[in-house]
Every structure is written in structure tokens, then in C-alpha cells.
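Protein chains in written order, with the working numbering: chain A, 1 to 387; chain B, 388 to 716; chain C, 717 to 975.
Ideal Cβ placement from N, Cα and C applies to all residues, glycine included.
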């Protein structure tokens, strides 16, 4: 058993850290205030290969392993969760779904420009009435000639406003529920596709979240991703990936929050001494540090499963569930450590506090993650539990 | 009279292998800096029973007054580094200096390095302290590393031992105009190959340095300031090559922009010198400015917390003090 | 044209705490990075490669810690990386070995070095030029090759700082040139180093031949060439700061002038 990183992984971590500290940190506050996705920053990140990190070199990516890819998410989210999540969702949901299920032609067509951030990817699954339950989706894809006609509404499409390509799910056989879903690759300018309004959010304000409308939107058969009615496995694998990615994002956010709290506690004096000497503060810090190490263990383990080709779904759900709660807890305690200043928007901790809250709902709510974990436990007893 | 005269006088060859004496080389540097090197060399020479030589252009009487026994005057006011290396190397081949001191300027460091290589000696650059061990006849030099976070103490196992010394490393020496010394002109070899050609002024704009990385910061706060004195503060900043900044109160008064606020809720700075005029200096401001290596504080209220973390303090209203300070700089 | 850039891995100061009171340097996280000025030197060489075409060769001393610096340089665009098997040489030994390396490689037209090492203050540029009998151009913030000459831009002298003491404006930047072969020393104000592309990192790290190793014997170095001259006698520390010292206006003006 060896927990150490390889030289290559170390090098990547240093590169990610360097980039995040020099390029991302200085923009984080601006991104939050202006609510604008930093397109210039994305171009710079793409020039280093960060938009195609786990995509194989043959398709214009870098081909790094999950361990390194998780460190990318972690290092970015130490400074800006919006940026980390934009890149994470683009990669884990959109690009890797095309790599996972796409034909050779589709991979050649889309992955290189996605890795170069010429086309940012988005994943259109959720609907106003179908959140954690994709089987009940109402967007329909009717077969017509050599294509499909899509009609329906998608909501909460992250990266929606900046995406060049969408992985869209629609029902081709509504009666079969989740077994009747099909995935499509839809480009931004396809007639019949309209972007709706930008969701105003309490945090992750640099993330462009949209509603999308499909009105007789014709998608050629060549853009069907995987088999007809074969969408469900694509969704499940995308969920596994995004959960691990978001667990790594939680790790970075938790580390950054702890660092902010510790710095503040080392400076702030009350009753004649730094508040670092107060046991209440020490307890917050100790609890946070323990949670962070536990989370790191969960993330590394899930990434190891992924890198060795094993099923990492349950491990990713555990890491994501634990990570999102830990990150929120830590941001909360560290904000408390800041006293009144924590409530001020001028201190970064308040941004983390707002941003990390999203992690408990994004990419599957806490409740769904617990279901995934519990389901695995009951399966051993031969009981199939329902969500 | 020095050993060379003695040698001639006595017809005796004092061991030719011997490296001896302390040599100070002044290369187009102000006398004040050179004088402190001469003073320190004098002190060491007295402990070692050796002579102090000065090589340089300019006033030889001054060099003698500050401690030189013999002055070797260079004809040229300043030499190109190439030329200085050839001249000194040729000269030192026969003189075999034991210790050589240069001022730690860019040229001093370059010439010292080349000379060490040519003479197969050792060199330590940018020293801020030299300690002589007279029995071992070696100098342990302290020189800053990691931007001055601490010093390495280094000795040299080859001769000559060459050191370039930062300005201000030694106290100003005593000037004794009654001292005696000798002066002789120093020849330059005729065929000075100058390989590095100066092309004159260059069109170069240094990269903009952000407040975060500024070497000097001058900041104002509301206490005892008004918009007029804040403007004077800005002039002072310009004059001393500092970034102009302030605390939250200066921003609220409209004297600075938002990206000029120093503090944990603004920019965290770590300059070599931080000058704060009218800034109270509470924990939050302190946390943003505490990285400063040296802090000068001016504040009307002697209870201001900034005085507990400033190296140099003046109790007074900035609007009275700053105009006078501007005039003094 | 071939350009040699020596790289030195140094302890990352971010993992280090200097305690003046205890008179100790505590290393909390032992992490190594390429000396910042050396990285700027590498960037200068890579820019010449981009503009005029050149082979960029990086070299570092090992065996410890240097592989990362060399592989990172390969990922940034260096064509060859050489690990010289001498553990932590001093300035004198470095100069001997790098001069021997130039002879071993043949046809090195330009050596670009960082002007000083952050961790020891060593500056090998002038000495290496002398050892190779190359021209030397120091203090470069920009470096280019024009025809058969190296051309640099140098900031006004800032280390002796006679300009500051007398409150004269800093001298203007000046241009200098020298015919090749030459040694150029680049300061930390040189061009911002590029980030390596992730794909190039993988290529470098997975290429078993990315780094060539040379022993002192390969370079024809004798025992006397390997004798260090600089002997470390420990560390010392700036005095602890004393706060709250009252001063007059004149004192303040003079302190500002001298710092």
C-alpha cells in the first residue's frame, strides 16, 4: 500500500497549484462580483490542457489519470469554485460522455475543440419536473427520417450560456421511463434550440446556469450519442465521474476555507491574545483538519478505483456526500471564526460559504448519494431499495 | 613603505608563494561606500599585521585618510568590466592579494566573479558582514539568501578570498587626515579586449509591479490627514519610487481607489519599506501590511496600535509632517 | 545555434519558516522548485528558439531533486536535458563542470544563466564566462540574438543603489551586445516563464530517455576540479525587530533615503 504520488502526479499538482495561485486567485473575487464566466482565463487554462485533462492525447487532450484530474479540481477550487466547477462539468459530464459513448467520428469531431475550449461542453439532463428522477423526463425525441425532432425544456444547464456543444437527453420511448432515454450531441446554433434566462444563484456566481428550450429542434442521426434508448448507462457513468470531480472540488474548498480561518485566527486579537489561543477556535480548526484528511482519503481511494478500472460509483458517492457536507461545515465554522467580518462580503470566506452550499445539491443531492450508498448495502441482503 | 619596498631594500625575497594584504577596489562608486570598506580593511589589517591597498580612480588622499597605506590610481574614471578584469588580473598575478573587497554593485559583482575565476580564488557576493579569524587567516562572510530572510555564513578555501560588500555593512570609518600613505599610478595592459559593447539607452518599460509585490509602499489614512496632505503623500510616494496606497478610511475619503486598500480585506503587501501616515493600524490592517520588512509610522495619537508594530515612529499630524518630509527628501 | 541553460533546484521558501529569535530555519514542507531566475533564463532561451530557431539544452546537478526541474524544462520546450552526477556542487565546482559540459557538447554558442541563486546567492555567470573565455552580459531583463551577437537590455544598477542614497532618478535601461559565444545572466525581472502544456509533461515524464546523465569522468573532470571552495559555516539572522522606536522627521527622511 503506497499513498505517495508519482513524480508525474507531483509535477501536475505543482503545475495546477502554480496556475491556480498565479492566474485564478486574482480573478476569483471579480468573477463572483461580476457574475461573468472568465473566458480569457478559460483560454489560458485550455492552453495548458486543463479543458481536456483526462481526454486522451489522440483526441487533443492530455490523458492524465483520475488522481491528477482530481488534483486539478482541488487546486482550482482552492481559489475559485466557479472556475473549478465550470471546467469540471465541461470535462466530466460533457467531454467524457462523448469519449465514453461516442463513435470514432464523433470523438474526432468534438473532443479536440472541447479540449481547446473552443467549444465548452454542457450537459442537459434536468427538467423543471425531473430533477433527481430522470426517468420522468418530458423532453421527447421523435424519430423522423434520418434524424430526431426534439421538443421540451431543460433547466439547470450549467455552462449553458457559454457552451458550444450540449449533451442532451430526451425520451425516445417515454413508456419505458429511464430505459427509453437517448443521448444526443447538439451544437449551440442548431435551429430550434433557444437559450433561456440565466438562473440567479446565491453562490457559484461565475457559473452560467440556463434554461433551454427545444422547439422542433432537428438533430441528425449522426449526432445520436450511443444507441437509441441507450441513454441511461451514459447518465449513470457521467454521474459517477461528476461525483468524484465534485468531491475533489469539495476538498479544495474545504482546504481553502480552513486556511482562511487559520490565517484570520492567527491575526485577530481579542481579550489581549490572538483568537488562535481560544479553545473554541482550536476545536473548529482541529475538526476541519480531520475532515479534510478523511475526505482526501475518500477522494484518493475513489480515484484509485477509477484509475485501476474498477467500479468507483459507490466510492464516488461516499466521497461526494461526505465532501459536500464537510466543505459546508468547515466554511461555516471558519466564517464563524471570522466573527462579524465573516459576514462581510469583503472577506473571501463569505464567498466560500455561499459557493460550497451548491455542492450538496449539484451533481445529485445528498439524499441521492445516501440512497446510492444504502442501495449497495441492502443489495448484499438481496433487497432492492427504491429511491 | 610596504613589503615590496622592504623586499627591494633588503634584497630579500619574502616568500613568493605568500598571498598578502587587503585590497579594496573602488569601481565608479561613491567614496562613502568605498570609505567604509577601507575602514574595515584597516581594522582587519591591524589585526593581521598587513597593509591596505586601494585601487581606484579619484582622490587618493581621501583613500589614505580612511585607512589605505598605498593607493594605486587608475587613469580612467571608470572601466568597462572586461577592461577592469584584465587590468586587475594582470596586476594581481604578481601581487597575490590575500583578501580583496569590492563594493557589491552589479559591476563589482561581475568583476569580482571573473577575477576569482582568473586567479583561481574564491568569491562571496553581496556580503552584509565579514568576520575575520586572524589565526586561520580567513574571513567568514554573511550574505543574504532568500531575499534576505536569513544569511549564509561562508568561508573560502582558496586564495585570494574575494568579497563584494553591500553598502551600509560597516559603520562609517574614522577619517584621519594625518595618515601617511603612498600613491602610484597603475598601468592598464595595452590590449584591452572589450567584448561587451554598450549600445546606449534602451527603450524598455519595466513590467508594471502590482501593489502586492511593490518594494516600497507609502500609505495614508484619515487620522490627521486632509485631501491636501493626502495629495502631498502621493507626491512623496512618487518621489521615493513607492506605490501609493491607503487604508479603508482613505478609500472612503476618496483619496485612493479600491485596489489601493491595504489590509486583509484589500491587498496584502510585503514591501521592503512600508510608510503609513495617519493609519490607526488595527489587526485587520496589520494583517495585510505585516509582511513589510520595515515599517515607518506617523500618527497623531500615541496610542495608535500601529506604533506597536512599526520600526520607526513619529507622533504627529500627517498634515503638518508630510509637507516637511517632502521638502527633506 | 545551441543554447545551454543551467537549472538549479532550490528549497521552496513557501515551505520554510525563518525564526530569527530561535536562530533557525524550520522546513515544514520539503518541496523543491527551479531557482526563479534560472526559470526566467530558460524562458529567454525558449523565446530565442521560438523566434530564431535554436537547440535549447538544460543541465542540472544531481542525482537528487533535479529530475523535476529538468523534466519541467523539457515539457516547456527544451530539446535536451542533462543531469550531471555531482551532488550539490558549490559555485566553483559548478563552473568547472558547466565549462566542461560546454566542451563536451561542442558548439555551445550561448549560455543563459539566472543571475543568482535564491538559496545561496551564488552567481555563476561571470565565472563561467571567464572559464569558457566567452563574453559576458549581466543583469539582463531581455535577451535576443541579432545576427552573430547576443543583445540584452539591462536595468540601471539597483544593488549598489547609489541612485537611491542621493535621491537621483534611477538610471535608464541600457542595451548591450557581445559577439557569440557569450554568457548572459538574466534577472528575476526577465520574461515570465511559460507554463508547460499538460501533454508535454506526460511526454517528458514517460520518456525514459528524457534526461541524459553524465558523470564527472564523462566530462573529463579531475578530483581537483571537484574540490569546493565555498565552505558553509552555518547561518546567521537579521536582528530581531524592535518596534516602537521614536524618531525625528530628519531620521525618517534619512531612513527612507537609505532603505
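Helix, strand or coil for residue i per DSSP?
| i | result |
| --- | --- |
| residue 878/C | In this predicted model, residue 878/C has a pLDDT of only 35, less than 50, meaning its place in the structure is not dependable; the value taken from the coordinates is given anyway. Looking at residue 878/C - three-state DSSP - the assignment turns out to be helix. |
| residue 884/C | Legend: pLDDT at residue 884/C = 40, less than 50; position of this residue unreliable, no value from coordinates given. |
| residue 699/B | strand |
| residue 119/A | coil |
| residue 410/B | strand |
| residue 180/A | helix |
| residue 572/B | strand |
| residue 804/C | coil |
| residue 708/B | helix |
| residue 962/C | strand |
| residue 513/B | strand |
| residue 337/A | helix |
| residue 953/C | coil |
| residue 332/A | helix |
| residue 16/A | helix |
Where do the N-terminal and C-terminal ends of the beta strand (DSSP E) with residue i fall, by residue?
| i | result |
| --- | --- |
| residue 682/B | 682-686 |
| residue 859/C | 851-862 |
| residue 349/A | Not the beta strand (DSSP E): residue 349/A falls in the alpha helix (DSSP H), residues 348-357. |
| residue 725/C | 725-727 |
| residue 916/C | Here residue 916/C belongs to no beta strand (DSSP E); instead the alpha helix (DSSP H) covers 914-922. |
| residue 21/A | No beta strand (DSSP E) contains residue 21/A, which DSSP labels as neither H nor E. |
| residue 564/B | Residue 564/B -> no beta strand (DSSP E), and no H or E assigned at all. |
| residue 845/C | Careful: residue 845/C lies outside any beta strand (DSSP E), inside the alpha helix (DSSP H) at 841-848. |
Skipping 5 residues on each side, what residues in its chain have a beta carbon closer than 8 Å to that of residue i?
| i | result |
| --- | --- |
| residue 491/B | 512, 513, 514, 551, 552, 553 and 554 |
| residue 862/C | 893 |
What are the boundary residues of the alpha helix (DSSP H) that residue i is part of?
| i | result |
| --- | --- |
| residue 91/A | It is not in any alpha helix (DSSP H) - residue 91/A carries neither H nor E in the DSSP assignment. |
| residue 1045/C | No answer is possible for residue 1045/C: it lies beyond the span of chain C, which begins at 717 and ends at 975. |
| residue 283/A | 279-307 |
| residue 244/A | 231-267 |
| residue 30/A | 25-34 |
| residue 169/A | First-last for residue 169/A: 163-171, but that is the beta strand (DSSP E), not the alpha helix (DSSP H). |
| residue 378/A | 366-379 |
Does the beta carbon of residue i sit closer than 8 Å to a beta carbon anywhere in chain C?
| i | result |
| --- | --- |
| residue 594/B | yes |
| residue 239/A | no |
| residue 586/B | yes |
| residue 262/A | no |
| residue 50/A | yes |
| residue 405/B | no |
| residue 118/A | no |
| residue 496/B | yes |
| residue 40/A | no |
| residue 537/B | yes |
| residue 165/A | no |
Give me, in chain order, the residues of the same chain whose beta-carbon lies closer than 7 Å to that of residue i; leave out the 5 immediate sequence neighbours on both sides.
| i | result |
| --- | --- |
| residue 204/A | 81, 82, 85, 355 and 358 |
| residue 303/A | 66, 67, 70 and 244 |
| residue 951/C | 741 |
Should residue i be flagged as near chain A, meaning a C-beta pair shorter than 8 Å?
| i | result |
| --- | --- |
| residue 657/B | no |
| residue 684/B | no |
| residue 915/C | yes |
| residue 652/B | yes |
| residue 430/B | no |
| residue 788/C | yes |
Quick one: what's got a C-beta closer than 6 Å to residue i's C-beta in the same chain, skipping five residues either side?
| i | result |
| --- | --- |
| residue 794/C | 772 and 774 |
| residue 508/B | 545, 546, 547 and 549 |
| residue 689/B | 702 |
DSSP beta-bridge partners for residue i?
| i | result |
| --- | --- |
| residue 80/A | Bridge partners of residue 80/A: none, in fact. |
| residue 720/C | 773/C and 827/C |
| residue 664/B | 607/B and 685/B |
| residue 190/A | DSSP lists no partner for residue 190/A. |
| residue 540/B | 529/B |
Is residue i close to chain B? Criterion is C-beta to C-beta, closer than 8 Å.
| i | result |
| --- | --- |
| residue 293/A | no |
| residue 347/A | yes |
| residue 269/A | yes |
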